[in-house]
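Notes follow once the structure below has been shown.
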C-alpha cells in the first residue's frame, strides 16, 4: 500500500521538524530545560517509530504481493 508508505514518510518529516524546532527554540531562548528536552525526545520517538512501522508494513505488504 503506497498510502501507508507515504504517510510514514510524512510522519518522519514531521518528527524531524519537531526535533529541529525544539532544539532551535531552546538554544535561541537560552532555556535548555531537561524536562522539555525529554518531552521533545519522547514525542520524536513516538512520531518516528510510527512512521517507521508504517513504511515497514507497506514494504511487507509489497513483498507479500510479489511472492
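Residue numbers (this note's numbering): 1 to 67. Every residue gets a Cβ at the ideal spot worked out from N, C-alpha and C, and that includes glycine. Given the structure is predicted, the values throughout are model-derived calculations rather than measurements.
Close beta carbons around residue i, own chain, < 6 Å, minus the five adjacent residues each side
{"i": "residue 23", "result": "none"}
{"i": "residue 15", "result": "44, 47 and 48"}
Endpoints, alpha helix (DSSP H) assigned at residue i
{"i": "residue 18", "result": "2-28"}
Integer-rounded CB distance, given that residue j should sit under 8 Å from residue i
{"i": "residue 42", "j": "residue 18", "result": "About 11 Å separates the two Cβ atoms, so there is no contact after all."}
Beta-carbon spacing of residue i, residue j below 8 Å
{"i": "residue 58", "j": "residue 4", "result": "yes"}
{"i": "residue 51", "j": "residue 2", "result": "no"}
{"i": "residue 54", "j": "residue 11", "result": "yes"}
Close-in-space but distant-in-sequence residues of the same chain around residue i (CB under 8 Å, 5 per side omitted)
{"i": "residue 33", "result": "26"}
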